[in-house]
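**Student:**
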Amino acid sequence: MEIRTDLYLGDSKNMLKKLKDNSVDLIVTSPPYADQRKSTYGGIHPDKYVEWFLPISKELLRVLKPTGTFVLNIKEKVVDGERSTYVMELIIAMRKQGWFWTEEFMWHKKNSYPGKWPNRFRDSWERLLQFNKQKHFNMYQEEVMVPMGDWAKTRLKKLSETDKTRDNSKVGSGFGKNISNWVDREMAYPSNVLHLATECNNKKHSAAFPEELPEWFIKLFTKEQDVVLDPFMGSGTTLTVANRMRRHSIGIDIIPEYYDMVREQLKPVALYILEPKPTYEQIEPEGRIAIR
Ligand SMILES: C[S@@+](CC[C@H](N)C(=O)[O-])C[C@H]1O[C@@H](n2cnc3c(N)ncnc32)[C@H](O)[C@@H]1O
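Under our numbering, the first residue of the sequence shown carries the number 1108, and numbering increases by one thereafter.
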């Protein structure tokens, strides 16, 4: 079966309205952070961030399947010597909007360069917030298992009585808590910390994901033929990886250069076409370029 890549040029707030309800399995995205990279594609003031994002997350909630997952890469910046609170405010506002805040993964940027600041150390991690529509969603944990590693040889040799008899029923987590269950196993489930280098080679976009980042979440939350959406696609890393992994993908960006660049890279793509097919003049201005 052919793998589709649909591209949209325009503001996600408007373009998402063109997607069907409950049609997406996974959203992985990194929106512009508050007030950052102003020179490239405009910044949103930290105080206005929640207000700016909520109409977009409302559409994302509508297009995501009940079994789907939304992974939001975001990090609050420092304003006047203090960490801004807009990410926390956003989480609270999104919960009120109907999102279920399942998990927070940490992306440890293992190649971040050293620096010296008077009141803090270098910032080498970002948030990957996982939101769902409900408590039960598709998750293929075996797809991201990792080798047990050397620690198993030492740690699992010296098990205490508690390690062997830990009562699982209290926490309801079943198998996982009893460490003795892991003796002689080759593979284990990973933690919620992803150790990935930042992308240094991609000169076409100033804030591109490393490919391993969307890849990990695509493996964990989707299977072949599922639909992956990035409403702030930039250089299209999420779509490129989805395409390689035989998932359909949808990408949106407000900047024509990024749209053209991704279209060039991901040929052949199924460009956005309304049904019944409209004439060029009938399409809203921000959608026009998509059917050229
Ligand atoms: C942090 S970058 C994403 C980088 C991307 N993950 C990659 O790997 O290249 C955010 C992108 O969002 C786009 N953008 C900003 N505001 C937007 C909006 N309202 N609607 C759609 N795209 C927007 C920017 O043009 C930019 O390319």
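For each residue, glycine too, the CB sits at the ideal point set by N, CA and C. All values derive from a computational prediction rather than experimental measurement.
1. Looking at M1368 and ligand 1, is the gap between the Cβ and the nearest heavy atom below 7 Å?
2. If you draw a straight line from the alpha carbon of L1373 to that of W1289, how long is it in whole angstroms?
3. Count the other CB atoms within 10 Å of the CB of Q1237; is the residue buried (16 or more) or exposed (fewer)?
4. Looking at Y1156 and ligand 1, is the gap between the Cβ and the nearest heavy atom below 7 Å?
5. Are the CB atoms of N1285 and T1112 nearer to each other than 8 Å?
6. Throw me the rounded Cβ distance for the K1216 and S1231 pair, which I believe falls under 8 Å.
7. Can we count M1340 as close to ligand 1, meaning its CB is less than 7 Å from some heavy atom?
8. Going straight from the alpha carbon of K1124 to that of I1357, what length do you get?
9. Can you tell me which of the three DSSP states K1265 falls into?
10. Should S1298 go down as buried or exposed, given a rule of 16 or more other Cβ atoms within 10 Å for buried?
11. Taking its Cβ as the centre, do 16 or more other Cβ atoms sit within 10 Å of E1166, making it buried, or is it exposed?
12. Could you tell me which uninterrupted beta strand (DSSP E) segments, each at least 3 residues in length, are contained entirely in the segment 1199–1261, listed from first to last along the chain?
13. Here's the rule I'm using: 16 or more other beta-carbon atoms within 10 Å means buried, otherwise exposed. How should W1208 be labelled?
14. Got a sec: does ligand 1 put a non-hydrogen atom nearer than 7 Å to the Cβ of S1137?
15. Answer yes or no: the CB of Y1193 versus the heavy atoms of ligand 1, is any distance below 7 Å?
16. Beta carbon of L1336, beta carbon of I1134: below 8 Å?
17. Express the C-alpha separation of V1185 and Q1248 in angstroms, rounding to a whole number.
18. By a C-beta neighbour count over all protein chains shown, 10 Å radius and 16 as the cutoff for buried, is N1226 buried or exposed?
**Tutor:** Quick look at the numbers:
1. Incorrect: M1368 has no Cβ contact closer than 7 Å to ligand 1.
2. Answer to the nearest angstrom: the Cα atoms are 42 Å apart.
3. That one is buried.
4. Relative to ligand 1, Y1156 has its C-beta separated by 7 Å or more from all heavy atoms.
5. At the C-beta level, N1285 and T1112 stay beyond 8 Å of one another.
6. Contact holds; Cβ gap of about 5 Å.
7. Yes, the Cβ of M1340 comes within 7 Å of a heavy atom of ligand 1.
8. Those two C-alpha atoms are separated by around 13 Å.
9. Correct three-state label for K1265: coil.
10. By the 10 Å Cβ count, S1298 comes out exposed.
11. Residue environment: E1166 is assigned as buried (16 or more neighbouring CB atoms within 10 Å of its CB, all protein chains considered).
12. Within the segment 1199–1261, complete beta strand (DSSP E) segments of at least 3 residues are found at 1207–1216, 1232–1239, given in chain order.
13. The residue is exposed, with fewer than 16 neighbouring Cβ atoms inside 10 Å.
14. Correct: S1137 has its Cβ closer than 7 Å to ligand 1.
15. Ligand 1 never approaches Y1193 closely enough for any of its heavy atoms to be under 7 Å from the residue's Cβ.
16. In this structure, the beta-carbon distance from L1336 to I1134 falls below 8 Å.
17. Each residue's Cα considered, the two are about 35 Å apart.
18. With fewer than 16 Cβ atoms within 10 Å of its Cβ, N1226 is classed as exposed.
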